[in-house]
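Numbering-wise, the sequence shown is residues 71 to 246 according to my numbering.
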Amino acid sequence: MADWLAAHPAAALVDLPSAAGSAEVVVNATSGGASLAALTAAGAPNLAGKPLIDVSNPLDFSAGFPPTLTVKDTDSLAEQIQRSFPDARVVKALNTLTAALMTRPDLLPEPTTLPVAGDDDQAKAVVAELLGEFGWTDVLDLGGIGSARGMEMWLPLWLRTMTALGTPMFNLRIVR
71 MADWLAAHPA AALVDLPSAA GSAEVVVNAT SGGASLAALT AAGAPNLAGK
121 PLIDVSNPLD FSAGFPPTLT VKDTDSLAEQ IQRSFPDARV VKALNTLTAA
171 LMTRPDLLPE PTTLPVAGDD DQAKAVVAEL LGEFGWTDVL DLGGIGSARG
221 MEMWLPLWLR TMTALGTPMF NLRIVR
C-alpha cells in the first residue's frame, strides 16, 4: 500500500466515513461477509441519497474451494444492503467478472455484456454512465434489486469456468 500511495501522491488515505461522506458514488468492493459491517462503519447518513455500486459477492470459503453462497435463492446480499440502508440507492454491478475487466473491458478481444440491477432508475443511469466511461458498450438492466440474486448466483459457475479456462479474463455476451 505504501508503494502505491507513493506512486499516486494525489490520493489520500481516509477512513470509511470520510470516504463515503465525500463521495458522489459509493463503491462497495468489500468481501461479501464484511459488506454490511463496512457499510455500517461508513455510516448510513454518508450513504443516504447516493448511488451505491455493490460489487460484493456472498462467497463462503469456510469449507474450501469452490465456495458456497451465504445467501441465495430468496434473497441476495445486495437486497440485504438495500434493506439495511434504505436511503442508499443500491445498484448491483461489476460483480460478475474479474477486477481487471471492471474498468478495462477492452482487455477482452470483443465486447461483452455487463448486467446491472437496482430499484432506483436514476441511480442505474448514473452507474451506466460511469460504466460507459470505463468502456462498457453493452450494459443490460435486469430490473429491480431482486435481480441481484441471479447475478450473485452466477459466481459458483464463474469460478468453475475460471478453473476450466485457467484464467479469469472472460465474460459473457448476451446475443439478442
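Beta carbons are placed, not taken as given, at the ideal position from N, Cα and C, and that holds for glycine.
Asked: Backbone secondary structure at threonine 110 - three-state DSSP; Found: helix
Asked: Reduced DSSP category for alanine 80 - H, G, I as helix; E, B as strand; rest coil; Found: coil
Asked: C-alpha distance - leucine 147 paired with arginine 219, whole-angstrom precision; Found: 8 Å
Asked: Where threonine 138 falls: helix, strand or coil (DSSP); Found: strand
Asked: Complete runs of the alpha helix (DSSP H) confined to the segment 140-204 [at least 4 residues]; Found: 147-154, 169-172, 191-204
Asked: Cβ-based neighbour list, asparagine 127, same chain, cut-off 6 Å, excluding 5 preceding and 5 following; Found: Gly102, Asn165, Glu222, Leu225
Asked: Spatially closest choice to alanine 169 from Met239, Asp208, Phe135, by CA coordinates; Found: Met239
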